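J.: In our numbering, the protein residues as written are -17 to 258.
Note that beta-carbon positions come from the ideal geometry of N, C-alpha and C, so glycine has one too.
Just so it is clear, the structure is predicted and the values come from calculations on it, not from any experiment.
Here it is, the structure in full.
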Amino acid sequence: MGTGEGDYMKRQNVFDHDCPNASRIYDHLLGGSDNHAPDRVAAEELLKVAPDAADVAVGNRAFLKRAVNYLAERGIRQFLDIGSGLPTRENTHQMAQAAAPGARVVYVDNDPIVFAHIQAILSDGNTVATSGDMRATEKILADPRLNEMINFDGPVGVILTSVLHYVSDADDPHDIVGRIMRAMPPGSYLVLSHSKHGDVANQEDEERILEIYNRTNKPLYPRDRAQIIQFFDGLDILHPGVVPVQDWHPNGDVPGASAPDYVPGHILGGVAVKLH
-17 MGTGEGDYMK
-7 RQNVFDHDCP
3 NASRIYDHLL
13 GGSDNHAPDR
23 VAAEELLKVA
33 PDAADVAVGN
43 RAFLKRAVNY
53 LAERGIRQFL
63 DIGSGLPTRE
73 NTHQMAQAAA
83 PGARVVYVDN
93 DPIVFAHIQA
103 ILSDGNTVAT
113 SGDMRATEKI
123 LADPRLNEMI
133 NFDGPVGVIL
143 TSVLHYVSDA
153 DDPHDIVGRI
163 MRAMPPGSYL
173 VLSHSKHGDV
183 ANQEDEERIL
193 EIYNRTNKPL
203 YPRDRAQIIQ
213 FFDGLDILHP
223 GVVPVQDWHP
233 NGDVPGASAP
243 DYVPGHILGG
253 VAVKLH
């Protein structure tokens, strides 16, 4: 565990509906209903500084769908979605099982609200949710429910979309990803997206965005492109590379996925495979 864990865990009073919650803000930006007045107030503050924030959120979700379809087309039948966030209109297990009936999905999140909502929507034996913090990587991977669902003798699609930008440098997010992927067998994939530093109009606006998130349960830590690419160390990054999420197979050339509307490049994403 990194030195920042204590401060992080102190912020996890997620059942306090008077405190904005990062997952519920994202839900509001996606047009969901699992949010409260303080979350909507924070989201509206965010939209005043970054008017395209909702488009960015929708674009990131569209990237996830295209990436899941991409993996399913390549034979992946088990998915591990870590830091999955609140369920919305279409979720990883629905995407995966639509593309590959019978695909198995495990959700992992350390937010009790997220965990409760995911459990509430599960209706079949091919999807489970577990409560866990990615900083405790080994504990997550040893979870009995995860191991009942995931066969580590076969390739796994690991999903880390819009979650690592909530992990401080003190907790070494690059090491977290490295530990997760080292535990995966060859042929596994990593789907990752991350907020990019320096893509707002000016430094004052970026500081305002960070201040809004500092009032939530999860402060935001955007990173530059080189730092985001570093998450894929040791893996083979697939075409078109680490790019704004709307530019990852933008023409809907992944079967089962349509092209997203244009959104700015505030979130970079990519898909990589573990060859050895």
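Quick one: does the C-beta of Leu68 sit closer than 6 Å to a heavy atom of the ligand PLP?
T.: Annotation note on the ligand PLP: not contained in the displayed structure, which lists no ligands.
J.: By how many angstroms is the C-alpha of Leu68 removed from the C-alpha of Ile100?
T.: So the two alpha carbons sit approximately 7 Å from each other.
J.: Can you tell me where the alpha helix (DSSP H) holding Tyr52 begins and where it ends?
T.: From DSSP, the alpha helix (DSSP H) with Tyr52 extends over Ala35 to Glu55.
J.: Taking the alpha-carbon positions, what's the Met163 to Glu120 distance?
T.: So the two alpha carbons sit approximately 12 Å from each other.
J.: Under the DSSP definition of a beta bridge, which residues are partnered with Tyr171?
T.: In DSSP, Tyr171 forms a bridge with Gly139 and Val255.
J.: Our contact map puts Asp21 next to Asn3 with C-beta atoms below 8 Å; I'd like the distance itself, whole angstroms only.
T.: About 6 Å; that satisfies the 8 Å criterion.
J.: Considering only the beta carbon of each residue, do Thr270 and Leu46 sit closer than 7 Å?
T.: Limits of the chain in this structure are -17 at one end and 258 at the other, which puts residue 270 out of reach.
J.: So, helix, strand or coil for Ser111, using DSSP?
T.: Looking at the sequence itself, residue 111 is Ala, so the reference to Ser does not match. It is a strand residue.
J.: Just to check my reading of the structure: Leu172 and Val253 have Cβ atoms closer than 8 Å, yes? What is that Cβ distance to the nearest angstrom?
T.: Right, their Cβ atoms sit about 7 Å apart.
J.: What is the DSSP secondary structure of Pro94, reduced to helix, strand or coil?
T.: Here Pro94 sits in helix by DSSP.
J.: Check whether chain D comes within 7 Å of Ile64, counting only Cβ atoms and requiring the distance to be less than that.
T.: Given the protein chain composition of this structure (a single chain), no chain D is represented.
J.: Could you check whether the stretch 198 to 214 touches the stretch 134 to 151, counting it as contact only if at least three pairs of C-beta atoms, one from each stretch, sit closer than 8 Å?
T.: A contact exists between the stretch 198 to 214 and the stretch 134 to 151.
J.: Could you round the C-beta distance between Ile249 and Ala24 to whole angstroms and report it? I think they count as a contact, below 8 Å.
T.: Not confirmed; about 18 Å, so no contact.
J.: For Gly238, I'd like the list of residues in its chain whose CB is within less than 6 Å of its CB, leaving aside the five on either flank, ordered along the chain.
T.: Residue placement at Gly238 is flagged as unreliable, the pLDDT there being 46, under the threshold of 50; the coordinate-derived value follows with that caveat. Correct list, in chain order: Asn51 and Ala81.
J.: Buried or exposed: His221, going by 16 or more other Cβ atoms within 10 Å of its Cβ?
T.: It is exposed - the Cβ of His221 has fewer than 16 other Cβ atoms within 10 Å.
J.: Leaving out five residues on either side along the sequence, give the residues of the same chain with a beta carbon under 6 Å from the beta carbon of Glu72.
T.: Counting only Cβ-Cβ distances below 6 Å, and skipping sequence neighbours, we find nothing.
J.: Taking the beta carbon of His258 as the centre, do at least 16 other beta carbons fall within 10 Å, making it buried, or is it exposed?
T.: By the neighbour-count rule (16 or more Cβ atoms within 10 Å), His258 is not buried but exposed.
J.: At what residues does the alpha helix (DSSP H) containing Val128 begin and finish?
T.: For the sequence presented, residue 128 should be read as Leu rather than Val. First-last of the alpha helix (DSSP H) with Leu128: Pro126 to Met131.
J.: Ordered along the chain, which non-local residues of its own chain (more than five positions away) have a Cβ less than 6 Å from that of Gly136?
T.: For Gly136, where only same-chain residues beyond five positions count, there are no Cβ hits under 6 Å.
J.: Should Pro33 go down as buried or exposed, given a rule of 16 or more other Cβ atoms within 10 Å for buried?
T.: Classification of Pro33: exposed, given that the 10 Å Cβ count is below 16.
J.: Could you give the DSSP three-state label for Pro226: helix, strand or coil?
T.: Reduced to three states, the DSSP call for Pro226 is strand.
J.: Flag this pair as yes or no: are the beta carbons of Leu62 and Val138 separated by less than 7 Å?
T.: Going by C-beta atoms, Leu62 is nearer than 7 Å to Val138.
J.: In this structure, how does DSSP classify Lys178 when only helix, strand and coil are distinguished?
T.: Strand.
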